[in-house]
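The structure appears right after this line, and notes come after that.
Number of protein chains: 2
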Amino acid sequence: MTSHHSIHPLDEALALASETTGQYTGRTTPGYWNMVGPFGGITAATLLQAVMQHPARLGEPLSLTVNYAGALGEGPFTLQATPVRTNRSTQHWTLSILQAGADGAPVVTTTATVVTAVRRETWGATDTPMPAVPAPAQCKPVRLAFRSEWLRRYEMRPVTGELPTQWDDGGHTSMTQLWMRDAPARPLDFCALAAMADIFFPRVWLRRARQVPAGTVSITVYFHAGGDLLAQTGTGYLLGQARAQEFRNGFFDQTALLWNEAGIVLATSHQIVYYKE
Amino acid sequence: MTSHHSIHPLDEALALASETTGQYTGRTTPGYWNMVGPFGGITAATLLQAVMQHPARLGEPLSLTVNYAGALGEGPFTLQATPVRTNRSTQHWTLSILQAGADGAPVVTTTATVVTAVRRETWGATDTPMPAVPAPAQCKPVRLAFRSEWLRRYEMRPVTGELPTQWDDGGHTSMTQLWMRDAPARPLDFCALAAMADIFFPRVWLRRARQVPAGTVSITVYFHAGGDLLAQTGTGYLLGQARAQEFRNGFFDQTALLWNEAGIVLATSHQIVYYKE
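These protein sequence lines map, in sequence, to chains A and B.
Just so we're aligned, residue 296 is where the first sequence starts under the working numbering, counting upward by one.
Just so we're aligned, residue 296 is where the second sequence starts under the working numbering, counting upward by one.
This is how it looks when you write it as structure tokens:
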């Protein structure tokens, strides 16, 4: 990516074409490539992008669940987004991504559901105030400890819970806190936020201090911010905090929170992750 | 429900008929009726029941997301459960419930996704040990502070965070802990566990100490237990803990954990809930 490039890599990845309402085509981009497929967060963001671009959309994203059913291969894919029920202030969507399989026939790689909603001003409160942490400028950018291209698309400044430097089975916590933003910086929107909810490396690597194969099976993101608040957040950093609750029989869960620099919760997220031992 | 009744009310509610693979018919039952429709947990359990009964099912439930798109009315409904992708050790499902609308045409009331998986023995750990709380016998059964029939289907013994007795806007916490089990007692299975993940009254009632209209929009349950562990848990109590993280613009989230009496995490759950002010 050079400075002459006219389109941000995230916008390049989120580019969808549509000739029939609700039917989209897109393609994976090298910029967000992980080890054997795209970064899961970019797939989540792409699904949400289809909803954002749909002419029948009501309101803004409230909830997103993405199920990673199979590997998405390099190349083109089709995406279907359907508003199955529209109420006065909420709308329910079902989505899927398909890609040609080995025999050329379409195969479901990803399923998702989205709820969009019209937000109103109400009483509000937080039960998860932002933890007291050093400011982004006081935290050093992460060393790239494993080689996946998508890691270069984020500026990450860990506060605590960095990737272990010794893979000695000596872990004792699953908690990571880090400042993050798109690289290069890009004004925050719902798609970018959805992707960042999946930025954390597998909790088992930290808790176990062993780098075993792991991959998200299902992720859910709840959006607590409206578009105005995201616009106010702009290109500022987000503080992300993630930890596991339970590791058992090849699966662990992760619960995560994302605040902006002003200390406002923008999203909460949960995922269930496969790990191999 | 009398003692002569030969079928447990939960099994009555979960009864589904199927003549075509993946197509089910069921009906709401009075036993789990809430204020304007069935208890959301029983709808979640019913969707999972369709997967449990499907002849093509691989493995056991790992993840369940239910989106409450519209009110389910009293009477019959149809339920569709489709395994859209089957891998070696995981299987991805999409589900929906439909019911005849005012004009007789079918309307989507609920959508869901489920992941089932084959569990293997691996290294495991918990980062959420069960809190130290009094034993179930030391906690008094809840007084029925609001009148919904479904509340009688559970024995609830609150530890902390009971329903306020004064609706004075004086709340300061959103945390509830309670012991719970089916009433009458019934050996635990995946469907019963899914329902119990939704047992907590709306967090806004506690945090705000104001009883405003509220309803779950989307719930996700991650199952950390296999069938063997559920069978071991049997008719014992579960400790449930729920709290909100953020209340804003008419929606709050809830994060919950359920342990058995031996202190093992059986499920973690998250939901996003509408509230009106």
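For glycine and all other residues, C-beta sits at the position ideal for the given N, C-alpha and C.
A quick note: this is a predicted structure, and the numbers were derived from the prediction, not measured.
Cross-chain neighbours of residue i in chain B, by beta carbon under 7 angstroms
| i | result |
| --- | --- |
| residue 420(A) | 502, 542 |
| residue 545(A) | 414, 415, 417 |
| residue 572(A) | 417, 418 |
Cut-off 8 angstroms between Cβ atoms - residues of its own chain near residue i, not counting five sequence neighbours on either side
| i | result |
| --- | --- |
| residue 403(A) | 364, 365, 391, 392, 393 |
| residue 372(A) | 320, 321, 322, 323, 392, 393, 394, 404 |
| residue 352(B) | 346, 378, 386, 411 |
| residue 546(A) | 512, 567, 568, 569, 570 |
| residue 451(A) | 436, 437, 473, 474, 475, 494 |
| residue 340(B) | 305, 308, 309, 486, 487, 489, 490 |
| residue 443(A) | 328, 329, 330, 334 |
| residue 380(B) | 386, 387 |
For residue i, the first and last residue of its enclosing alpha helix (DSSP H)
| i | result |
| --- | --- |
| residue 491(A) | 485–491 |
| residue 247(A) | Absent from the model: residue 247(A). The displayed extent of chain A is 296 to 572, so no value can be given. |
| residue 527(B) | 522–528 |
| residue 451(B) | Run containing residue 451(B): none in the alpha helix (DSSP H); it sits in the beta strand (DSSP E), 449–455. |
| residue 461(B) | First-last for residue 461(B): undefined, no H or E at that position. |
| residue 277(B) | Nothing in the structure corresponds to residue 277(B), since chain B is present only between 296 and 572. |
Top-ranked residue by Cα proximity to residue i, from the options
| i | options | result |
| --- | --- | --- |
| residue 448(B) | 539(B), 329(B), 322(B) | 329(B) |
| residue 359(A) | 400(A), 369(A), 338(A), 372(A) | 338(A) |
| residue 469(A) | 495(A), 528(A), 311(A) | 495(A) |
| residue 409(A) | 493(A), 388(A), 429(A) | 388(A) |
| residue 528(A) | 397(A), 571(A), 331(A), 476(A) | 476(A) |
| residue 541(A) | 444(A), 550(A), 412(A) | 550(A) |
| residue 569(A) | 361(B), 385(B), 407(B) | 385(B) |
| residue 555(A) | 501(A), 567(A), 482(A) | 482(A) |
| residue 488(B) | 336(B), 332(B), 331(B) | 336(B) |
| residue 432(A) | 458(A), 509(A), 454(A), 423(A) | 454(A) |
| residue 334(B) | 544(B), 537(B), 546(B), 511(B) | 511(B) |
| residue 445(B) | 309(B), 302(B), 307(B), 325(B) | 325(B) |
| residue 406(B) | 415(B), 452(B), 438(B), 362(B) | 362(B) |
| residue 376(A) | 348(A), 507(A), 399(A) | 348(A) |
| residue 523(B) | 355(B), 331(B), 310(B), 350(B) | 355(B) |
| residue 367(B) | 401(B), 383(B), 343(B) | 401(B) |
| residue 493(B) | 514(B), 485(B), 484(B) | 514(B) |
| residue 369(B) | 425(B), 332(B), 539(B) | 332(B) |
| residue 538(A) | 552(A), 532(A), 544(A) | 552(A) |
| residue 456(B) | 497(B), 463(B), 418(B), 419(B) | 497(B) |
| residue 536(B) | 416(B), 398(B), 424(B) | 424(B) |
| residue 534(A) | 526(A), 429(A), 302(A) | 429(A) |
| residue 544(A) | 382(B), 417(B), 461(B) | 417(B) |
| residue 303(B) | 478(B), 532(B), 525(B), 572(B) | 478(B) |
Neighbourhood of residue i by C-beta distance below 6 angstroms, restricted to the same chain and skipping five residues each side
| i | result |
| --- | --- |
| residue 427(A) | none |
| residue 517(A) | 358, 563 |
| residue 559(A) | none |
| residue 557(A) | none |
| residue 414(B) | 521 |
| residue 565(A) | 515, 550 |
| residue 466(A) | 501, 502, 503, 504 |
Proximal residues of chain B, C-beta to C-beta of residue i below 8 angstroms
| i | result |
| --- | --- |
| residue 548(A) | 517, 519, 563 |
| residue 567(A) | 357, 358, 410, 517 |
| residue 452(A) | The contacting residues do not exist; residue 452(A) stays about 23 angstroms from chain B at best. |
| residue 512(A) | 357, 358, 385, 410, 412 |
7 angstroms Cβ shell around residue i - same chain, five flanking residues per side excluded
| i | result |
| --- | --- |
| residue 480(B) | 530 |
| residue 580(B) | Summary: the structure shown does not reach residue 580(B), with chain B confined to residues 296 through 572, and so no result is reported for it. |
| residue 499(A) | 507, 509, 542, 547, 570 |
| residue 343(B) | 356, 359, 409, 485, 486, 489 |
| residue 297(A) | For residue 297(A), the pLDDT reaches just 48, beneath the cut-off of 50, and the residue's location in the model is therefore unreliable, although a value from the coordinates is still provided. Around residue 297(A): no qualifying Cβ. |
| residue 307(B) | 324, 326 |
| residue 464(A) | 503, 504, 505 |
| residue 434(B) | 452, 453, 454, 474 |
Interface residues of chain A facing residue i [CB-CB closer than 7 angstroms]
| i | result |
| --- | --- |
| residue 387(B) | 362, 364, 406 |
| residue 380(B) | 364, 365, 403 |
| residue 423(B) | 540, 541 |
Extent of the continuous beta strand (DSSP E) run through residue i
| i | result |
| --- | --- |
| residue 377(B) | 371–381 |
| residue 344(A) | Careful: residue 344(A) lies outside any beta strand (DSSP E), inside the alpha helix (DSSP H) at 335–348. |
| residue 565(A) | 560–570 |
| residue 321(B) | 318–322 |
| residue 508(B) | That residue, residue 508(B), is in no beta strand (DSSP E); it is neither H nor E in DSSP. |
| residue 391(B) | 385–395 |
| residue 475(B) | 471–477 |
| residue 536(A) | 533–543 |
Contact set between residue i and chain A, taken where Cβ atoms lie within less than 9 angstroms
| i | result |
| --- | --- |
| residue 301(B) | In chain order: nothing, as chain A lies at least about 36 angstroms away. |
| residue 552(B) | 540, 541 |
Listed by chain order, chain A residues near residue i by CB distance under 8 angstroms
| i | result |
| --- | --- |
| residue 437(B) | Neighbours of residue 437(B) on chain A: none; closest Cβ ~23 angstroms, over 8 angstroms. |
| residue 331(B) | Those within 8 angstroms of residue 331(B) in chain A number zero; the least Cβ separation is about 14 angstroms. |
| residue 428(B) | In chain order: nothing, as chain A lies at least about 18 angstroms away. |
Would you say the region 501–520 of chain A touches the region 304–321 of chain B, given that touching needs at least three Cβ pairs under 8 angstroms?
-> Touching, no.
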